[in-house]
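Counting from 1015, one number per residue, gives the positions in the sequence shown under the working numbering.
Working notes, beginning with the structure itself.
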Amino acid sequence: MNEFKNDLWAWLVFVLVWGYIVYSFDSLPERVPVHYNFQNVPDRYGSPAEVFVMLVVMVPYFPLLLMNATAMGVKGEQNQQTFGQLQQYARVLLLLLCSGIALGQVLTWQGILDTDAMTRMVFTMIGIFLMLMGNISPRVTRNYFSGFRTAYTLRSDLAWYDVNRKGAYLMTFCGLLVLVLTWVLPGNWPIFGLLGSVGLLFVGGARLNKRARELWEKDPRRIPLDQKPF
């Protein structure tokens, strides 16, 4: 029950959004645009019932996002607390992202929003999520479930804390980049902000992996690669 208490506001938004969608469903056109090309021109039409696909997408994830940390093998009080916080962020993102996309579709079909507004809404939530993840990454001790996990960071506290701190800066910067470019660039151009952030994460991840190996080699307390980290 604590999980639902912490997420109560997100569940309230979820209920209100889907209540509005069900209430408005009968007034929607029989055929609506359900996919757009890069120029924001509809290239596929379908039934408005396709909006409920968002609910189906959510179903497989919730068992994992509600499971107790101990049941999933997370050890240590700090790790369990951090894992629970990660689960909460993921639940909120899933609730808001799927509900936001569905609401954006319906409002677009009703002529209240244009397609650019829906794109900005989705990208904004992605940017916020990256910044939230960057905020908690440096706090967690070595574990299999969160943080920048490689063979080297899992076997060295020196590598783990240094790399995860720098990884947190990277994720926060990428999230901020997505947010800024989403609201600065016109039309569909914000997609390049998202793609640029993904590219930075890949490049930064490769460099962090190299640094993790260097720090692991310097750490006198490192765990050999042929041994399990825990």
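All residues carry an ideal CB built from backbone N, CA and C; glycine is no exception.
Distance CB(residue i)-CB(residue j) smaller than 8 Å
i     : j     : result
M1132 : L1110 : no
L1144 : C1188 : yes
P1062 : W1123 : yes
N1178 : G1161 : yes
G1141 : T1186 : no
L1229 : A1165 : no
G1114 : M1135 : yes
M1072 : L1026 : no
L1191 : G1207 : yes
G1218 : L1184 : yes
G1181 : S1151 : yes
As assigned by DSSP and simplified to three states, the class of residue i
i     : result
V1046 : strand
R1058 : strand
K1242 : coil
G1213 : helix
Q1119 : helix
D1176 : helix
A1165 : coil
T1186 : helix
P1074 : helix
W1025 : helix
R1156 : coil
G1125 : coil
L1208 : helix
G1201 : coil
I1237 : coil
N1051 : coil
N1149 : helix
M1081 : coil
Top-ranked residue by Cα proximity to residue i, from the options
i     : options                    : result
R1001 : R1156, S1160, R1221        : A query on residue 1001 cannot be resolved here, the shown segment of the chain reaching from 1015 to 1244 and no further.
N1020 : D1171, P1204, L1080, M1147 : L1080
L1168 : L1069, Y1037, N1223        : N1223
D1171 : P1043, E1044, R1227, L1191 : R1227
E1044 : G1219, P1243, G1060        : G1060
W1023 : D1176, K1242, Q1102, E1064 : Q1102
A1173 : E1231, V1067, P1074, L1214 : E1231
R1105 : F1076, S1041, F1039        : F1076
F1137 : R1225, S1041, L1199        : L1199
D1233 : V1070, R1163, Y1175        : Y1175
P1243 : L1042, R1163, R1225        : R1163
L1042 : G1213, F1216, I1126        : I1126
Q1095 : V1154, V1070, R1058        : V1154
8 Å Cβ shell around residue i - same chain, five flanking residues per side excluded
i     : result
L1117 : V1031, Y1034, I1035
S1038 : V1120, Q1124
L1215 : L1184, M1185, C1188
A1220 : none
Sequence-distant residues of the same chain with beta carbon closer than 7 Å to residue i, five excluded per side
i     : result
F1028 : L1109, S1113
M1068 : C1112, I1115, A1116
Residues near residue i by beta carbon distance below 6 Å, same chain, minus five either side
i     : result
Q1119 : V1065
P1056 : P1047, Y1050
Residue i CB to nearest heavy atom of the ligand PLP below 7 Å
i     : result
R1235 : Here there are no bound small molecules, and the ligand PLP is not part of this structure.
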